[in-house]
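Residue numbers (my numbering): 358 to 611.
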């Protein structure tokens, strides 16, 4: 039985387990007041390492499309399990299109029905997701160490062609953390076949923003370079601050 929100501004989440997967059904409003509850439910559902977590969002009302980013937030929490596939179900096309526009579908595929999501579990479970993570000190030595780790991890995962662009991306992200926060940055890289995601988390809730381009000349800001070199990038709030991430693939080789 699905969850029903108690009031038009509240959120209800029902959970059930079928075989080895967890199915969450959300009903109500998804906004700044309710997103943390949904994020925490998704994270908790991954902790016992089910075969998959399916989140049915068909019953959600999302006044501000940006609220969909809560799913990326759940994906990049430090205690999330990257090897547990998380899939979304949305029965209406407008919702699926909004999920795709906001970049969520890059990390969590969206299906029109639960049946379609279940059929995809086997394919997603066969993915070879390599991941590694390191917390580094809040000083300039972390710039060199983060680059060293990127080389080591991507070489070990047989993706040397991605190393040059990954080095640029991680350097920009680390520099931003060291310049604008007092946090010890946490770097995480995931590699799924020929695609890699570079993410750096910090304890500041201030989003990473690309500065406006100058009226004349070339925009050489760090995040402008990241935007030009990657498939997508974003700054996503988490329960402890934010995570800045970028996705790179074969077309991004330098």
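All C-beta atoms, glycine included, are put in the ideal place defined by N, C-alpha and C.
A distance below 8 Å separates the beta carbons of residue 604 and residue 552. If the five residues before and after residue 583 are omitted, its C-beta is found closer than 7 Å to the C-beta atoms of 526, 529, 590, 603, all from its own chain and listed in chain order. Rounded to the nearest whole angstrom, the CA to CA distance from residue 508 to residue 488 is 13 Å.
Between residue 381 and residue 413 the beta-carbon gap is near 7 Å, inside 8 Å, which marks them as a contact.
Less than 8 Å divides the Cβ of residue 491 from the Cβ of residue 506.
The stretch 422–431 and the stretch 452–464 touch, with no fewer than 3 CB-CB distances between them shorter than 8 Å. Bridge partners of residue 559 according to DSSP: 599. In the DSSP annotation of this structure, residue 421 is not part of any alpha helix (DSSP H), being labelled neither H nor E. If you draw a straight line from the Cα of residue 537 to the Cα of residue 566, it comes to about 11 Å.
Around the beta carbon of residue 610, fewer than 16 other beta carbons lie within 10 angstroms, which makes this residue exposed.
The DSSP-derived three-state label of residue 389 is coil.
Apart from sequence neighbours up to five positions away, the residues of its chain that approach residue 516 with a beta-carbon distance below 8 Å are 548, 551, 553, ordered along the chain.
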